[in-house]
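S.K.:
Number of protein chains: 4
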Amino acid sequence: MTEDFFAGIGRIPFEGPDSANPLAYRFYEPDRMVLGKRMEDHLRIAVCYWHSLCWPGSDPFGAGTFDRPWMAAGDAVAFAERKMDVAFELVGKLGMPFYTFHDRDVGPDMGSLRDTQAVFRRLTDRLAECQERTGVKLLWGTANLFSHPRYMAGAATNPDPEVFACAAAQVRDALEATHRLGGVNYVLWGGREGYDTLLNTDLTRELDQLGHFLSMVVEHKHRIGFTGTILIEPKPMEPTKHQYDHDVATVYGFLERYGLTGEVKVNIEVNHATLAGHSFEHEVATALALGIFGSVDANRGDPQNGWDTDQFPNDHTELAPTLLRLIEAGGLTTGGFNFDAKIRRQSIDPTDLLHAHVGGIDTLARALLCAARMAEDGSLRRHVAERYAGWDGELGRKLMGTGMDLATAADTGLGLDPRPRSGRQEMLENLVNRFV
Amino acid sequence: MTEDFFAGIGRIPFEGPDSANPLAYRFYEPDRMVLGKRMEDHLRIAVCYWHSLCWPGSDPFGAGTFDRPWMAAGDAVAFAERKMDVAFELVGKLGMPFYTFHDRDVGPDMGSLRDTQAVFRRLTDRLAECQERTGVKLLWGTANLFSHPRYMAGAATNPDPEVFACAAAQVRDALEATHRLGGVNYVLWGGREGYDTLLNTDLTRELDQLGHFLSMVVEHKHRIGFTGTILIEPKPMEPTKHQYDHDVATVYGFLERYGLTGEVKVNIEVNHATLAGHSFEHEVATALALGIFGSVDANRGDPQNGWDTDQFPNDHTELAPTLLRLIEAGGLTTGGFNFDAKIRRQSIDPTDLLHAHVGGIDTLARALLCAARMAEDGSLRRHVAERYAGWDGELGRKLMGTGMDLATAADTGLGLDPRPRSGRQEMLENLVNRFV
Amino acid sequence: MTEDFFAGIGRIPFEGPDSANPLAYRFYEPDRMVLGKRMEDHLRIAVCYWHSLCWPGSDPFGAGTFDRPWMAAGDAVAFAERKMDVAFELVGKLGMPFYTFHDRDVGPDMGSLRDTQAVFRRLTDRLAECQERTGVKLLWGTANLFSHPRYMAGAATNPDPEVFACAAAQVRDALEATHRLGGVNYVLWGGREGYDTLLNTDLTRELDQLGHFLSMVVEHKHRIGFTGTILIEPKPMEPTKHQYDHDVATVYGFLERYGLTGEVKVNIEVNHATLAGHSFEHEVATALALGIFGSVDANRGDPQNGWDTDQFPNDHTELAPTLLRLIEAGGLTTGGFNFDAKIRRQSIDPTDLLHAHVGGIDTLARALLCAARMAEDGSLRRHVAERYAGWDGELGRKLMGTGMDLATAADTGLGLDPRPRSGRQEMLENLVNRFV
Amino acid sequence: MTEDFFAGIGRIPFEGPDSANPLAYRFYEPDRMVLGKRMEDHLRIAVCYWHSLCWPGSDPFGAGTFDRPWMAAGDAVAFAERKMDVAFELVGKLGMPFYTFHDRDVGPDMGSLRDTQAVFRRLTDRLAECQERTGVKLLWGTANLFSHPRYMAGAATNPDPEVFACAAAQVRDALEATHRLGGVNYVLWGGREGYDTLLNTDLTRELDQLGHFLSMVVEHKHRIGFTGTILIEPKPMEPTKHQYDHDVATVYGFLERYGLTGEVKVNIEVNHATLAGHSFEHEVATALALGIFGSVDANRGDPQNGWDTDQFPNDHTELAPTLLRLIEAGGLTTGGFNFDAKIRRQSIDPTDLLHAHVGGIDTLARALLCAARMAEDGSLRRHVAERYAGWDGELGRKLMGTGMDLATAADTGLGLDPRPRSGRQEMLENLVNRFV
């Protein structure tokens, strides 16, 4: 441990809604009981390693803008250690219970896979010490199968089986490290599992490769006794033109196809939903309906920009109905809200990292409080139940019964002239506004 | 039969690529042999009833612009008969083998479902006579479950079971009419099977209703001995905010969920692919890879407009690679290319209907000829095969073998340093350009 | 006057933030003083005639769902009078100060332009009586130059000069009616002033026609002594593929080109901003910067749907920063917030119209209160001023001075190595959240 | 000069449409006379330095994939010289008449602006020698005001006047170098002249800074006797959330505002048009109508991806109507078609650079030949002239006359009932297809 990176700033305090202190929580109070559960346990917030510690502030048109000592040229391992200390300083000052990482965030690429593996092993031992020292836990680990040029044409879906094997090496090690560190989930994001052009792509082969790879991961999880959840993170595009894990519904079909529905769930990212042409609430609702909801990458996109802007969430009014839906479905189990979010390229001061996280955390906390008030009120829930009440009645039960056939239903229908009922959308939107 | 609607115009002739006659085919030659099959049998083109005969040229900001005698006020059944004659005149003058319809295109709404059913029955008998007289066949029928106000909140997914029963009545009758008329497919487009707001929607219930409804349709198909294909037409949105049959991959997951994968295929519309953020080629390739490709609604969208513009296809260069893919997968079986396309609102003359179809038909024919040249050349196919050749080698077969596990694959990978190979996208794009 | 359409409902009361009455205002209190001005005078809210009174609940895939007695077949003028009474009942029960109309909302199409003109004249006299009786005022009038088939290829930009003349007739009458009724603005929305395909379009001619038409409108305004503001409403597309009044910046260039910058301002619609790929705040900020801000059509689009959904606003957090910007620029003058918003097609009960307006009005009122708190706090304003402070210093004044040339500026620059400063985006976003 | 980078490949030959040689032109024949002008002089194609020579194949999710010797660590100036030789080898082997560069493509950043300036000066002298030796000419130069961190908040629009001065230094030097090298245009692309958030932005100030800066550039151009064209390149977003030079119409308004309309024209990039929600043809047509067309950055975007994919053009059917429009407006003057296009990240072999350019060049040549056939045929031109013929008649001339007023036009209109005429869109689309 060296000196503080966020010098002069202590642990972020809770000061309540009226505080004007920009580095205090106005809503996030970990121990506050909300619907019978601690706020911290509702939200299970994690800080991510890559955006906050590893990204230099570059974009496709410009070099990095951040002055982070550990990004200079020099001893890669020493810098990785310095970065690790700052990561735990950040998580600790924010008072968050969890963090998340890619293998390459923690252990640098040392040239060969074997040397890289060795360094990663040593640095994950050091991670274990940091966890021990701070009490911070690992929400999930993952393997970076997209930055190295070898993965330019995919990892599991690469036309070259050697690359598939390299990917297996990284995932095995990252999964085992996650297990060793007590991680409660393991994530696969297929950033290059897709295509740039269909002209050179054998879709059937690539899907089968991906299904086979995932099956091996699931089998290995059981073999080593990892009890966490395996999560796929859908994203429709970027970096490739099209990615196979396009959205929640697509991932569901993929899991069904390869017999993995009971084994794998989804890690839903807000901005990825946006890129897929869905609302975040849609993706969560779909995952809950299909029984594959797992965890959340909390961020936001820019509705006018067609790429992954990965901004910190800042609109509690948008998140509250989704949190309500999640709470009413039983809430998070192994999942959490991971800040897969990055500060803007112009936010060059260390303190900007704190502003961003404090704002994002408070947005989640405030949305939770709104959702809890809606849950306690119960009006929304009752409205939906009443709208579908006919299906619990005689006709509804008959029509949905196993013996029902089209001809019988049709004969019933011929004599009917159902009276349309208002969908009440505006009234319900106003109702939500009473609670946000 | 009364006088011709397209007065003074006979059957559209084939005149070859150099013709300057705007009402002649330059590429469409039904009997020309292409890769051992008649062009007509490759393309199986259908003219649709609704856009060409039923739509008055209205849009959300303006009234109809078309002067069609059968759209005036008056005797609905007589007008339906006049419209039917014009429909067969159109199909006949174009020389197309197929047509398609919704129940309400053929038989008007007479108020009650029973009266509507009776008129529909009589008019489908008249359709049979028209088919008999002209030799035109039915590619598919479908039921309009979206125009009547009773379906404003969905048909099978309506919160009111009475509406579900009405939908069953319509689908039973439309399916049986299709069967009677020798139709080779039956389509379900879930235009209102979706939601306008999640706030009033029980997603789980609605998906189950939809799955149950579709299962009943499949069971009824077998009961009445209909051997055609049941098709779902994906569309992501419009008229609702979100439709459940979002895209091909979503429909696949839905079919898997309700055990219908072997029974139901997809009818892919080009413009619906665009609205879902996919290329048409992607949707076709995905359906082929997942084994659910059925048929095509041939049209195009406007890449700058976010709604279903349903324009006639006019770019053979874009369609050729998709046709190649389809041909190499064995080509159409029961499916066809249905012109679910409408002329522009300013195209108010009857002759515009002919220009539009002639252009669309020639675009398909030209694309087919380009695809055939590519298939005969074989370079694209060979390039893809070579790119994945490693998977047919020892390492590839071992890694994809059933006994393979992650640890073994990982150990293999640790010692490798695969050499990246160029994806050759630009060269392949140029190669395609040699044939279009 | 006949019986109430919104039977059993009186004037919507203000009941404060804690009210659970869905038909009461929680924030809208017309006489409340906010930054020294009455809330009503800040917002100048108008109810629009067309969406609320004239639209039957149809969409491109389905017929009308609303049961409005005045939309039945029958005496068009009598129905127009009934509709007018309901319009004033609605505005009155909502307690709004303003309304807005198209000529054809008020007076039906009677076949010929002359007959239509005569009926419009009589009905606008009746409008004057309604205004007199209720105290409701006219925010603006406009002419519907898009619904009638004669305008299918544009009004002022039509290839047929006869249509241009018809448009002139409608605009003259609508402008004079607006003047007679004491309207404080007159709006032109060029819904069909655009193109469906460039292949048949002479862009230069059409732009010149549009510039000439607008110049005549401005000249006529002065001739008749109308002192209200002429407003153009930008929209990028829909119903046409492309509309000339694409967005605020495009309209500015158009006004400059035809020498109309001092004479015409913009009426910015939220959903039109969305369709143009802009945030509403961007369009307002741009109009303020260019000196052409006029008025607002308050609604919202659906970020996942690519057409004009025209929903009622319901997110005060999104509107507050825009209102702050507007207030700090001096606030509204002749303009207002017009609810160019429609209820959903499933919202079929009269009461849904009230829910929608109450929600929208309260959203604006709440956003105003948030904006006022931000204005009083002043932190945002100060932050921006400090960020640009260098431009008020010696170097800044010198570089922006009239005598400055590139070479001198360049020589200055050569010796500099400016220190980047954080843009503080996250901190500022959090700051806004303190007030919403 | 060292050995060839594209070893074993000579100058790309023309072999005609039937050639199967992937590294031969099938359509590009520089000396072929087309409508009385050499093909080369019609197209004036340029190869760009940055994408082809400077971009390492990185994307936001992965490191560079290209093995280019001059991108290694080492002597920056020696590498710049090697890169220059490869650039001229590339242009020469392609047989192109022009190239384009940013200052930093040619001369590396040496730390201070003064040192950078000195090296740039030396290397541009070397460029002059390369031009002399090869006969290749400079289409345009530009300054990179976006990659260096100092420009993270804009160059001319930076809140810090020191950055404005640094930008002046770079533009002065790049403009003078362009002049010295005989460049025929100078381009300004405002990649960071925009905002990431309106919360910290003073729009009025920034627009004034940008107008002032551009005025100084124009004044300097005249001072040094540069007779080329100053070009602004519109782009709506990326890297910033919003850029001020949003699209052609926006730039036109900006030029009008700052009195620069006669001095500055636009460099239209295809992919930037796409990102702005326009077709490329729209942007060209708009620039021609407004009199500010200058030059073209030839590339294409991916219609499914919301960022600048900058792919090489490969669809001659899409470009032909735009080329027709340009030819009929008189064709290029100082402008050209610059390949601001990059190969895909997986196209890692030097030969891929050649495939990409050969395909793009042939696409332009083929589109030109199609456009020429359309121009010679004249049908499209005649159709448009006939469509607007009424405006050349008595009524049209009267209505557009300077003495016309709204009341007179209105009185004329009252007696009319114009007959709608078909817009013939489908027939015209088919007509175009006869020539592509």
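Protein chains in written order, with the working numbering: chain A, 401 to 836; chain B, 401 to 836; chain C, 401 to 836; chain D, 401 to 836.
From the three backbone atoms N, C-alpha and C, an ideal C-beta is built for every residue, glycine too.
On a predicted model such as this, the values are computed, not experimentally measured, just so you know.
Looking at Val506 of chain A and Ala480 of chain A, is the spacing between their C-beta atoms short of 8 angstroms?
M.R.: Result yes, Cβ atoms of Ala480 of chain A and Val506 of chain A sit closer than 8 angstroms.
S.K.: Gly662 of chain C: buried (16+ other C-beta within 10 angstroms of its C-beta) or exposed?
M.R.: When all chains shown are included, Gly662 of chain C counts as exposed.
S.K.: Excluding the five sequence neighbours on either side, which residues of its own chain have a C-beta within less than 7 angstroms of the C-beta of Met401 of chain C, listed in chain order?
M.R.: The predicted model places Met401 of chain C with a pLDDT of 48, which falls under 50 and marks its position as unreliable; any figure quoted below should be read in that light. The residues are Asp485.
S.K.: With a threshold of 7 angstroms on Cβ separation, who are the neighbours of Pro767 of chain C within its own chain once the five nearest residues in sequence on each side are excluded?
M.R.: Sequence inspection shows Ala at residue 767 of chain C; the Pro mentioned does not correspond to that position. Contacts found: His716, Leu719, Ala720 and Leu723.
S.K.: Could you check if Ala478 of chain A is buried or exposed, using at least 16 other CB atoms within 10 Å of its CB as the buried criterion?
M.R.: Flag for Ala478 of chain A reads exposed.
S.K.: Which same chain residues end up closer than 8 angstroms to Leu702 of chain B when comparing Cβ atoms and leaving out the 5 residues on each side of it in sequence?
M.R.: According to the sequence shown, residue 702 of chain B is Asp rather than Leu. So the qualifying residues of the chain are Thr709 and Gln711.
S.K.: Around the C-beta of Ile624 of chain D, are 16 or more other C-beta atoms found within 10 angstroms, so that it is buried, or is it exposed?
M.R.: Per the 10 Å Cβ criterion, exposed.
S.K.: Just confirm the distance between the C-beta atoms of Ala687 of chain B and Pro636 of chain B, as a whole number of angstroms; I'd bet it's less than 8 angstroms.
M.R.: Ala687 of chain B to Pro636 of chain B, Cβ: 15 angstroms. No contact.
S.K.: Quick check: the Cα distance between Glu576 of chain C and Lys621 of chain C, rounded to an integer number of angstroms?
M.R.: For Glu576 of chain C and Lys621 of chain C, the distance between alpha carbons rounds to 8 angstroms.
S.K.: Within 8 angstroms (strictly less), CB to CB, does Asn671 of chain C reach chain D?
M.R.: Answer no: the Cβ-Cβ gap between Asn671 of chain C and chain D never drops below 8 angstroms.
S.K.: Between the Cα of Val651 of chain B and the Cα atoms of B:Gly628, B:Thr674, B:Phe626 and B:Leu607, which residue gives the shortest distance?
M.R.: Comparing Cα-Cα distances from Val651 of chain B to each of B:Gly628, B:Thr674, B:Phe626 and B:Leu607, the minimum goes to B:Leu607.
S.K.: Helix, strand or coil: how does DSSP classify Lys537 of chain D here?
M.R.: Note: Lys537 of chain D maps to strand in three-state DSSP.
S.K.: Where are the alpha helix (DSSP H) runs, 4 residues long or more, that stay fully inside the segment 419-493 of chain B, in chain order?
M.R.: 439-443, all fully within the segment 419-493 of chain B.
S.K.: Counting only the same chain and skipping the five closest in sequence on each side, list residues whose C-beta sits under 7 angstroms from that of His579 of chain C.
M.R.: Only Ile624 and Phe626 meet the Cβ criterion.
S.K.: Using Cβ-Cβ distances below 9 angstroms, what residues of the segment 589-618 of chain A are close to chain D?
M.R.: Cβ contacts with chain D: Gly591, Arg592, Asp596, Thr597 and Asn600.
S.K.: Let me know the secondary structure DSSP gives Phe520 of chain B once reduced to three states.
M.R.: Helix at Phe520 of chain B.
S.K.: Less than 8 angstroms between the beta carbons of Leu806 of chain D and Ala565 of chain C, yes or no?
M.R.: No, the pair does not count as a contact, with Cβ atoms beyond the cut-off.
S.K.: Do Pro639 of chain B and Phe546 of chain B come within 8 angstroms of each other at the CB atom, strictly closer than that value?
M.R.: Taking 8 angstroms as the Cβ cut-off, Phe546 of chain B and Pro639 of chain B qualify as a contacting pair.
S.K.: At the 8 angstroms Cβ level, is Arg824 of chain A part of the contact set with chain C, yes or no?
M.R.: Closer than 8 angstroms to some Cβ of chain C, the Cβ of Arg824 of chain A qualifies, so yes.
S.K.: Mind listing the chain A neighbours of His678 of chain C? Cutoff is C-beta to C-beta under 7 angstroms, in chain order.
M.R.: Residues of chain A passing the Cβ test: Gln704.
S.K.: If you draw a straight line from the alpha carbon of Glu429 of chain B to that of Asn705 of chain C, how long is it in whole angstroms?
M.R.: Straight-line Cα distance between these residues: approximately 41 angstroms.
S.K.: Tell me the residue span of the beta strand (DSSP E) that contains Val587 of chain C.
M.R.: Per DSSP, Val587 of chain C belongs to the beta strand (DSSP E) from Asn585 to Leu588.
S.K.: Just to confirm my understanding: we take Tyr551 of chain B, look at its own chain, exclude 5 residues before and 5 after, and list those with CB closer than 6 angstroms. What are they?
M.R.: For Tyr551 of chain B, where only same-chain residues beyond five positions count, the Cβ hits under 6 angstroms are Leu545 and Arg592.
S.K.: Just grab the DSSP bridge partners of Asn738 of chain A for me.
M.R.: BP columns for Asn738 of chain A point to A:Ala446 and A:Asp697.
S.K.: Let's see if you can read the secondary structure: which residues bound the alpha helix (DSSP H) around Lys798 of chain B?
M.R.: Counting along the chain, the alpha helix (DSSP H) containing Lys798 of chain B begins and ends at Glu794 to Leu799.
S.K.: Pairing CB atoms from the segment 827-835 of chain D with CB atoms from the segment 751-764 of chain B, are three or more of them under 8 angstroms?
M.R.: Verdict: yes, contact present.
S.K.: Please report the Cβ distance between His646 of chain C and Ala649 of chain D, rounded to the nearest whole angstrom; I am assuming they are in contact, meaning their Cβ atoms lie under 8 angstroms.
M.R.: The Cβ separation is near 6 angstroms, so the contact holds.
S.K.: Which of the three DSSP states is assigned to Phe499 of chain A in this structure?
M.R.: For the record, residue 499 of chain A in the displayed sequence is Tyr; it is not Phe. Strand.
S.K.: By DSSP, does Gly410 of chain A sit in helix, in strand, or in coil?
M.R.: Reduced to three states, the DSSP call for Gly410 of chain A is coil.
S.K.: Give me the chain A residues within the contact set of Pro639 of chain B, using Cβ-Cβ distance strictly less than 7 angstroms, ordered along the chain.
M.R.: Those within 7 angstroms of Pro639 of chain B in chain A number zero; the least Cβ separation is about 13 angstroms.
S.K.: Give me the Cβ distance between Phe630 of chain A and Val664 of chain A, rounded to the nearest whole Å; I'm assuming they're in contact under 8 angstroms.
M.R.: According to the sequence as given, residue 630 of chain A is Ile; it is not Phe. Confirmed, about 5 angstroms.
S.K.: I'd like the ranges of any beta strand (DSSP E) spanning at least 3 consecutive residues and lying wholly in the segment 568-633 of chain D.
M.R.: Whole beta strand (DSSP E) segments, 3+ residues: 585-589 and 629-633.
S.K.: Using a Cβ-Cβ cut-off of less than 9 angstroms, list which residues of the segment 452-464 of chain D approach chain A; keep chain order.
M.R.: For the segment 452-464 of chain D, which is checked against every Cβ of chain A, the residues closer than 9 angstroms are Gly457, Ser458, Asp459, Pro460, Phe461, Gly462, Ala463 and Gly464.
S.K.: Taking Glu829 of chain B as the query, report the chain A residues whose CB atoms sit under 8 angstroms from its CB, ordered along the chain.
M.R.: Simply Thr597 and Leu599.
S.K.: Taking 8 angstroms as the threshold (beta carbon to beta carbon), is Ser547 of chain D in contact with chain C?
M.R.: No, Ser547 of chain D lies away from the interface with chain C (no Cβ there is under 8 angstroms from its Cβ).
S.K.: Going by alpha carbons, who is nearest to Pro497 of chain A out of A:Thr516, A:Trp540, A:Met510 and A:Arg521?
M.R.: The shortest Cα separation from Pro497 of chain A among A:Thr516, A:Trp540, A:Met510 and A:Arg521 belongs to A:Trp540.
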